[in-house]
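Below is one structure; the comments refer to it alone.
There are 2 protein chains.
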Amino acid sequence: MIYPFLLPDMKEEFNLRFEKVKAAMALNECDALLISSTTNIFYLSGCVFRGYVLLLPDREPVWFMVAPSVAPENAPGVFNLRKPEMIPSWMEEHGYPLPLKPGLEFDDLLYSEVERLKSLFPESEFRNGSKIMREARMIKTDYEIAKIKEDGLHQARAYSQVPSCFQPGMTDLELQIEVERILRREGCLGYLRAAGSRMELNLGSVISGDNADVASPYDFAMGGAGVDPSLPVGADGKTIKPGTTVMLDMNGGFNGYQSDMTRTWYLDSVCEEAVKAHECSRIILRELEKIGVPGTPISTLYKRAVEIAEAEGLRDYFMGHVNKAKFIGHGIGIELNEQPVMMERNHQPLQKNMTIALEPKFVIPHVGAVGVENTYRVDDNGLENLTVFPEELQEL
Amino acid sequence: MIYPFLLPDMKEEFNLRFEKVKAAMALNECDALLISSTTNIFYLSGCVFRGYVLLLPDREPVWFMVAPSVAPENAPGVFNLRKPEMIPSWMEEHGYPLPLKPGLEFDDLLYSEVERLKSLFPESEFRNGSKIMREARMIKTDYEIAKIKEDGLHQARAYSQVPSCFQPGMTDLELQIEVERILRREGCLGYLRAAGSRMELNLGSVISGDNADVASPYDFAMGGAGVDPSLPVGADGKTIKPGTTVMLDMNGGFNGYQSDMTRTWYLDSVCEEAVKAHECSRIILRELEKIGVPGTPISTLYKRAVEIAEAEGLRDYFMGHVNKAKFIGHGIGIELNEQPVMMERNHQPLQKNMTIALEPKFVIPHVGAVGVENTYRVDDNGLENLTVFPEELQEL
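Top line first, the protein sequences correspond to chains A and B. Its first residue numbered 5, the first sequence is counted upward by one per residue in this note's numbering. Its first residue numbered 5, the second sequence is counted upward by one per residue in this note's numbering.
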């Protein structure tokens with residue numbers, strides 16, 4: 005097993021992250037952070053193990069590994085732990101102050117897990133460690149951005165093979181299965197990390213025709229009915245019809261980070277309204293790429309996107325027709341849905357090295373969904389696209 | 005969207021489930037159960053939606069749907085809800101008593117989700133609704149067993165195609181990708197539901213050679229290193245070598261329920277010790293199938309399995325070599341890891357219509373994992389195999 009946090013050439017990278025987390029701890033008046041969710045363990049260690057990371061403002065981080073995970077030999081700051089109940093006495097023995105305002109992951113761990121950890125520090129006043137970690141993770145390091153860019157390259161290589169695996173008469177699900185195979189062969193890990201407990205999905209979403217107008221119970225811009233009531237999202241198993249569009253929004257996770265990229269194809273022909281809406285999506289992206297500089301409020305980007313859709317007479321179809329999503333994008337990184345959420349009521353300013361997916365999409369009734377989604381890095385001169393791949397509506 | 009709980013021919017099935025849950029509520033002194041996890045919503049409704057199911061001992065169940073999920077028109081007992089904070093006033097308006105001991109899903113929902121729901125009933129003393137639901141779900145209905153049997157048939161059809169998709173020189177991961185495609189084309193939904201927050205996996209596990217001895221941080225009998233530190237489990241991307249075994253333990257979810265089935269192949273040749281251990285796995289299964297009748301304590305099954313492995317001189321390899329799993333199986337249903345856990349300290353008696361996966365496996369150093377896993381129903385005369393497929397060690 006590789007432990008990236010122990011590699012000498014990764015030391016600087018992890019120090020950067022610890023400093024970001026410590027800054028967020030200070031803002032949230034938190035004097036110790038005890039982390040055990042997979043996502044945040046990965047952020048602080050570069051690998052997933054079973055156990056805990058303990059972070060105090062003026063100390064080196066401590067890693068506790070719980071079986072079957074095992075501390076590597078002679079690794080400074082890494083200890084084996086039988087159970088979390090031993091952490092307070094470990095802290096006492098090692099001269100750590102008992103925390104008064106410890107942070108626990110309220111939005112990442114199960115209720116019973118947090119209750120168990122709370123009992124370690126019965127006198128303490130707890131902070132939401134999930135919020136602290138979300139804030140720290142929102143601005144990416146150069147290393148993280150390079151990882152997302154790498155995802156984008158893989159995803160683009162996979163998407164370039166989509167037309168070659170389509171055969172007339174295929175269902176949306178049959179096409180999806182072939183694209184899944186291509187993604188997996190390109191290195192896609194096949195697992196989607198998402199924040200919150202509600203998002204359930206296989207390797208992505210292929211939406212064609214009327215299915216674009218079906219809501220799913222999850223937070224997706226375009227839902228889809230799915231093929232079973234136990235997983236009501238995405239492809240519905242119907243044959244892809246001539247004159248409809250096929251929107252692919254597939255898993256872009258190849259290295260612990262993710263890119264999010266949507267492209268749209270059509271079968272045989274497509275109506276002018278769909279072409280116009282697809283071009284409108286690209287116009288919106290070009291405009292947001294320009295105004296998306298550090299300091300621009302997110303609400304401004306949202307409103308500008310709606311304005312453009314409105315000016316083109318496409319407001320009714322923007323971000324859904326029967327069902328409308330209330331966002332045009334989202335932060336992305338280790339999880340698919342990170343901060344910030346690109347919605348009207350988010351007045352937070354963009355900051356340099358935020359990574360965001362923008363997905364101005366339209367649903368044209370009986371034709372399907374159209375539009376483009378790219379993953380971007382916020383840079384001084386605007387948004388840098390990390391998912392470079394032809395954006396045109398393409399024939400299958 | 006299909007709402008199975010509203011279908012007339014499903015009425016009896018759901019009444020059975022409600023009665024089981026109400027019996028578990030009574031045992032746990034719970035006077036109202038408010039459910040919102042996907043797994044338990046699916047159990048009580050036959051479909052997944054965003055919202056809540058409210059169950060009181062002497063009332064009909066109530067379904068609350070939260071956008072984007074929408075209550076179907078004229079459906080008795082189904083209501084749209086803007087947010088959960090409206091539930092107490094809804095209960096008051098509809099003449100429901102405010103619960104004194106409500107059950108919330110402590111082991112299925114995030115800490116912040118449960119805290120939000122607790123604030124609806126500030127005067128109440130809460131029960132762990134997850135425990136109640138686990139107890140109710142442990143004994144399956146005939147309908148549920150038929151679903152798992154259906155899974156087993158699909159999974160067997162997929163496994164029968166494994167040798168045809170193997171090519172010499174393949175890595176374990178390349179083989180896994182082809183098997184994933186076969187499973188998906190057979191109807192596998194491509195998503196794994198598991199209890200707890202720690203199990204992360206793509207469509208399953210393909211383990212070959214030395215990789216069988218590598219621990220993963222998750223609760224799997226055989227871990228595997230994986231190909232990336234962000235998902236350290238399963239296939240490690242190495243070429244499958246002659247003289248090693250290849251163990252497939254892939255996703256068996258086709259309809260909201262799952263079967264769990266492991267079979268083992270070998271490349272070119274395999275040592276006698278591996279053959280012997282594989283046969284020992286089958287001997288253990290035959291024995292447990294016989295003694296696994298209602299009333300037999302689970303610890304008896306566990307001990308009998310260890311005794312047989314020991315008598316064959318294979319104790320050192322049983323359930324792992326470098327790392328040992330502490331169970332020989334687990335309940336299965338909607339989630340991969342349901343009750344009961346088949347381990348030494350579980351003295352609970354088997355009950356009719358429990359469904360359990362038994363996986364007596366061995367790791368032979370430098371050769372790989374061997375053994376068989378089947379999913380069973382507990383019946384009066386012993387265990388009924390729901391995953392019928394040749395068990396022999398087969399050549400790839």
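We treat Cβ as the ideally placed atom computed from N, Cα and C, and that holds for glycine.
Determine whether the Cβ of Val-82/A lies closer than 8 Å to any Cβ atom of chain B. no
Mind checking who Glu-184/B pairs with in its DSSP beta bridge? Looking at the DSSP assignment, Glu-184/B forms no beta bridge with any residue, so it has no partner.
Sequence ranges, alpha helix (DSSP H) only - wholly within the segment 84-115 of chain B, length at least 4: 91-97
Inter-stretch contact (C-beta, 8 Å, three-pair minimum) for the segment 214-231 of chain B and the segment 293-308 of chain B: no
Among Ala-71/B, Ser-73/B, Tyr-56/B, Pro-72/B, which one has its Cα closest to the Cα of Pro-65/B? Tyr-56/B
For Thr-42/A, would you say it is in contact with chain B, using Cβ-to-Cβ distances shorter than 8 Å as the test? yes
Going by beta-carbon coordinates alone, are Ser-234/B and Phe-224/B separated by less than 8 Å? no
Mind checking Asp-176/A: buried by the 16 CB within 10 Å criterion, or exposed? A residue is called buried once 16 or more other Cβ atoms fall within 10 Å of its Cβ, and Asp-176/A is buried on that count.
What are the boundary residues of the beta strand (DSSP E) that includes Asn-32/B? Careful: Asn-32/B lies outside any beta strand (DSSP E) and carries neither H nor E.
Which residues in the same chain as Val-70/A place their Cβ atom closer than 6 Å to its Cβ, once the five residues preceding and following it in sequence are excluded? Arg-54, Gly-55, Leu-85
Within 10 angstroms of its Cβ, does Gln-180/B collect 16 or more other Cβ (buried), or is it exposed? In the assembly as shown, Gln-180/B is a buried residue. Its beta-carbon has 16 or more other beta-carbons within 10 Å.
So, do the segment 12-21 of chain B and the segment 248-258 of chain A have three or more beta carbon pairs nearer to each other than 8 Å? no
Residues bridged to Thr-175/A (per DSSP): Thr-175/A pairs with Thr-243/A.
DSSP three-state label for Asn-389/B, please. strand
Rounding to the nearest angstrom, what Cα-Cα distance links Ala-361/A and Asn-378/A in this structure? 6 Å
How long is the line joining the alpha carbons of Asp-35/A and Glu-316/B, rounded to whole angstroms? 56 Å
Do Met-137/A and Glu-342/A have their CB atoms nearer than 8 Å? no
List, in chain order, every chain A residue whose beta-carbon is nearer than 8 Å to that of Glu-184/B. Glu-184, Arg-185, Arg-188, Gly-194
Residue-level contact to chain B via CB, Tyr-56/A, 8 Å cutoff: Answer no: the Cβ-Cβ gap between Tyr-56/A and chain B never drops below 8 Å.
Contact test: Met-203/B Cβ vs the ligand COA heavy atom, cutoff 7 Å: As presented, the structure is devoid of all ligands, the ligand COA included, so that no description of it is given.
Could you compute how far the alpha carbon of Asp-112/A sits from the alpha carbon of Glu-339/A? 12 Å
Excluding sequence positions up to five away, which residues of its chain have a Cβ less than 8 Å from the Cβ of Asn-215/A? Asp-176, Gly-228, Ala-229, Ala-239, Asp-240, Lys-242, Gly-372
Give me the residue from Leu-48/B, Arg-381/B, Lys-122/B, Gln-159/B with the minimum Cα distance to Asp-402/B. Given a span of 5 to 400 for chain B in the structure shown, any question on residue 402/B remains unanswerable.
Find the residues of chain A that neighbour Asp-111/B, judging by a C-beta separation of less than 7 Å, and give them in chain order. Leu-114, Ser-116
When you compare only the Cα positions, how much space is there between Ser-123/A and Pro-101/A? 17 Å
The beta strand (DSSP E) that contains Pro-344/B, what's its start and end? 342-347
Can you tell me whether Glu-117/B is buried or exposed? The criterion is at least 16 other CB atoms within 10 Å of its CB, across all chains shown. buried
For Met-1/A and Thr-43/B, I'd like the C-alpha separation in whole angstroms. Nothing in the structure corresponds to residue 1/A, since chain A is present only between 5 and 400.
So with CB distances below 7 Å, who are the chain B contacts of Ala-206/A? Sequence inspection shows Asn at residue 206/A; the Ala mentioned does not correspond to that position. Chain B residues near Asn-206/A: Leu-193, Gly-194, Tyr-195.
Lys-153/B vs Leu-354/B beta-carbon contact at 8 Å: Judged by their CB atoms, Lys-153/B and Leu-354/B are not nearer to each other than the 8 Å cut-off.
Ala-6/A - containing alpha helix (DSSP H), residue span: Sequence inspection shows Ile at residue 6/A; the Ala mentioned does not correspond to that position. Taken as a continuous stretch (DSSP letters only), Ile-6/A belongs to no alpha helix (DSSP H), as it is neither H nor E.
Let's test the definition: count the other Cβ atoms within 10 Å of the Cβ of Gly-99/A and tell me whether it reaches 16, buried, or not, exposed. Per the 10 Å Cβ criterion, exposed.
Would you check if the distance between the CB atom of Leu-10/A and the CB atom of Ala-79/A is smaller than 8 Å? yes
Answer with yes or no whether the minimum CB distance from Phe-53/A to chain B is below 8 Å. Yes, because at least one Cβ of chain B sits closer than 8 Å to the Cβ of Phe-53/A.
Test: Pro-61/A CB closer than 8 Å to a CB of chain B: no
Please tell me whether Met-226/A has its Cβ less than 8 Å away from any Cβ of chain B. Cβ-Cβ to chain B under 8 Å: no for Met-226/A.
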